[in-house]
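Protein sequences appear in the order of chains D and R.
Be aware that the first sequence starts at 1, since it is given in UniProt numbering, and climbs by one per residue.
Be aware that the second sequence starts at 1, since it is given in UniProt numbering, and climbs by one per residue.
All C-beta atoms, glycine included, are put in the ideal place defined by N, C-alpha and C.
The structure appears right after this line, and notes come after that.
2 protein chains.
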Amino acid sequence: MTNKSNLNNLTKSEEDYLKALFQLLVEDDSEKVGNNLLADYLNVSPASTNNMVKKLKTKNYVVSEKYGKLDLTEQGKSIAVRLIRKHRLWETFLCKYLNFSWDEVHEVAEQLEHIKSSKLIDELDRFMDFPEKDPHGEIIPNADGEYAVLPKIMLSSLAEGEVCKLIAVDDGSVNFLKYVSEIGLALSSEIKVIEVREFDNSIRIQFNDTIETVTRKFADNVFVKKLV
Amino acid sequence: MTNKSNLNNLTKSEEDYLKALFQLLVEDDSEKVGNNLLADYLNVSPASTNNMVKKLKTKNYVVSEKYGKLDLTEQGKSIAVRLIRKHRLWETFLCKYLNFSWDEVHEVAEQLEHIKSSKLIDELDRFMDFPEKDPHGEIIPNADGEYAVLPKIMLSSLAEGEVCKLIAVDDGSVNFLKYVSEIGLALSSEIKVIEVREFDNSIRIQFNDTIETVTRKFADNVFVKKLV
DNA sequence: TTGATTTGTTAGTCATGGCTAACTTTTTTA
DNA sequence: TAAAAAAGTTAGCCATGACTAACAAATCAA
Ligand SMILES: [Mn+2]
Ligand SMILES: [Mn+2]
Ligand SMILES: [Mn+2]
Ligand SMILES: [Mn+2]
Numbered sequence: 001m002t003n004k005s006n007l008n009n010l011t012k013s014e015e016d017y018l019k020a021l022f023q024l025l026v027e028d029d030s031e032k033v034g035n036n037l038l039a040d041y042l043n044v045s046p047a048s049t050n051n052m053v054k055k056l057k058t059k060n061y062v063v064s065e066k067y068g069k070l071d072l073t074e075q076g077k078s079i080a081v082r083l084i085r086k087h088r089l090w091e092t093f094l095c096k097y098l099n100f101s102w103d104e105v106h107e108v109a110e111q112l113e114h115i116k117s118s119k120l121i122d123e124l125d126r127f128m129d130f131p132e133k134d135p136h137g138e139i140i141p142n143a144d145g146e147y148a149v150l151p152k153i154m155l156s157s158l159a160e161g162e163v164c165k166l167i168a169v170d171d172g173s174v175n176f177l178k179y180v181s182e183i184g185l186a187l188s189s190e191i192k193v194i195e196v197r198e199f200d201n202s203i204r205i206q207f208n209d210t211i212e213t214v215t216r217k218f219a220d221n222v223f224v225k226k227l228v
Numbered sequence: 001m002t003n004k005s006n007l008n009n010l011t012k013s014e015e016d017y018l019k020a021l022f023q024l025l026v027e028d029d030s031e032k033v034g035n036n037l038l039a040d041y042l043n044v045s046p047a048s049t050n051n052m053v054k055k056l057k058t059k060n061y062v063v064s065e066k067y068g069k070l071d072l073t074e075q076g077k078s079i080a081v082r083l084i085r086k087h088r089l090w091e092t093f094l095c096k097y098l099n100f101s102w103d104e105v106h107e108v109a110e111q112l113e114h115i116k117s118s119k120l121i122d123e124l125d126r127f128m129d130f131p132e133k134d135p136h137g138e139i140i141p142n143a144d145g146e147y148a149v150l151p152k153i154m155l156s157s158l159a160e161g162e163v164c165k166l167i168a169v170d171d172g173s174v175n176f177l178k179y180v181s182e183i184g185l186a187l188s189s190e191i192k193v194i195e196v197r198e199f200d201n202s203i204r205i206q207f208n209d210t211i212e213t214v215t216r217k218f219a220d221n222v223f224v225k226k227l228v
């Protein structure tokens, strides 16, 4: 049981690939994740991905057959979850203590998540009194590496007349997040779907006495829980 | 006045070299800093240093003549001071809020100092209410890049009978810092030099009703202000 | 089922930042 | 002042992680 995985000798790049693969596999639960999808997600060429995947396979973080789909080993998942834990804890810290808005935190957390010190992250967790969710509503994995996916559906999946609560947003785009705040939405907002327009998939929603029309693309990035 | 130096495109390595050069020039105020001294300080080969210095010269951070000594431009100094500010603010944060001891902070701060976000560091500064000194007693440069050297002398420079106050310690060695704490010394400790032994340069010191013998090497890393 | 398209792989190149070994210049010292 | 030593430089190599271009395999669609 000489668990050397604690020494964590991974480079920033290796970490980024593992986290991306995890996010595609588990969070977006794409049935099959191939080389090119991963390349796309990371904005690198398929050749770069192929190369890195080869390395991660010899290091036992990734498994796949030639020309086959990619999967993570338990070791690979564990690394990814730790990165997500760090990322979300830092985002929470930046918002709650350093006056960052939710659209500003992701970029900086992308850097901070690669800092190597388990004491740092566990103490940060303790300092904030073990927060459960990050500023975008996502669940923060705990120190034991337990990972839970928030049960959520896209706002775009609702039918006319349905009522829901905003529980999370995709944190990838600064512009999207600014947009969400600007129209007055936030975590916990109650939203009613007034109308679903078939023509362009836009939907009309009501919240806090406001009525807004949003696009399908927008609604795909807003995650909700149905009410009643 | 299109100040592009704010964009700060420097790599971690480039930053490390600039900070090291600044520390040799200004903090240790070595009269002349050459290629090999810098290489030694950074634990890299003279060839690597030569290479990097060449690059930093074309980028206008460093000046030197062929076979001559190295110096920083104003731009180079400014980068270095910002790194030192970040380093010391993070060390302070780790000590004051995250239960790190003063021997644990340096290594993590070496990583954190390279995080690129001026908002992050200025907000961290504000959050801690603009601390003036880091856990090792050194002055933290302010947001305007003003850098001040703490007026300090080495404990080893004192004569028998002299009394002083410990105001700073070298933060480079974990073992040294642990040693300092273990024998009961800390910032602000009052120390009296009881005896200076010519044979091996060891000195006998008294503080808090304790008497200890310390080596010259130890006393070189303890910085004090003479009292009375 | 076969041809087109998509997906994955390989080869070869580049930039960065390390290294060693060999060389040149400068400085020291005898 | 001339060796010797030290300091600085150069050439050539390596690993990492990007890239493009060319090719092979798998999948989709007619
Ligand atoms: Mn994020
Ligand atoms: Mn998030
Ligand atoms: Mn330090
Ligand atoms: Mn550093």
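Under DSSP, R/ILE205 takes part in a beta bridge, and its partners are R/VAL193 and R/GLU212. When secondary structure is reduced to three states using DSSP, R/LYS59 falls in the coil class, being assigned neither helix nor strand.
Counting C-beta atoms within 10 angstroms of its own C-beta, D/TYR61 has 16 or more neighbours from the protein chains shown and is therefore classed as buried. Taking the Cβ of R/HIS106 as the reference point, at least one heavy atom of ligand 3 falls within a distance shorter than 7 Å. Distance from the Cα of R/VAL228 is smallest, within the candidate group R/VAL33, R/GLY161, R/ASP134 and R/ASN208, for R/GLY161. Taken through DSSP and simplified to helix, strand or coil, D/VAL228 comes out as coil.
Counting C-beta pairs closer than 8 Å gives fewer than three between the segment 192 to 203 of chain R and the segment 130 to 147 of chain R, which falls short of the contact rule. For D/PHE127, the chain R residues whose C-beta falls within less than 7 Å of its own C-beta are TYR97 and LEU98, listed in chain order. The criterion of a C-beta distance shorter than 8 Å is not satisfied by R/LEU72 and R/LEU38. The three-state reading of DSSP puts R/VAL169 in strand, counting E and B together. For R/ILE115, the C-beta contacts it makes with chain D under 9 Å involve VAL108, GLN111, LEU112 and ILE115, in order along the chain.
Contact between R/ASN8 and R/LYS116 holds: their C-beta atoms lie close to 6 Å from each other, under 8 Å.
Contact with chain R is absent for D/GLU160, since none of that chain's Cβ atoms lies less than 8 Å from the residue's Cβ. For D/LEU98, there is no enclosing alpha helix (DSSP H), as DSSP gives it neither H nor E. Only those residues of the segment 198 to 220 of chain D whose C-beta falls short of 7 Å from the nearest C-beta of chain R would be listed, and there are none.
Remark: the C-beta of D/HIS87 is in contact range of ligand 1, defined as less than 7 Å to any heavy atom.
In terms of Cβ geometry, D/VAL108 and D/VAL169 do not form a close pair [threshold 8 Å].
The three-state reading of DSSP puts R/LEU72 in strand, counting E and B together.
In terms of beta-carbon proximity, R/GLU15 stays away from the interface with chain D, with every pair separated by 8 Å or more.
Apart from sequence neighbours up to five positions away, the residues of its chain that approach R/MET52 with a beta-carbon distance below 8 Å are SER13, GLU14 and TYR17, ordered along the chain. The C-alpha of R/LYS69 is placed about 47 Å away from the C-alpha of D/SER101.
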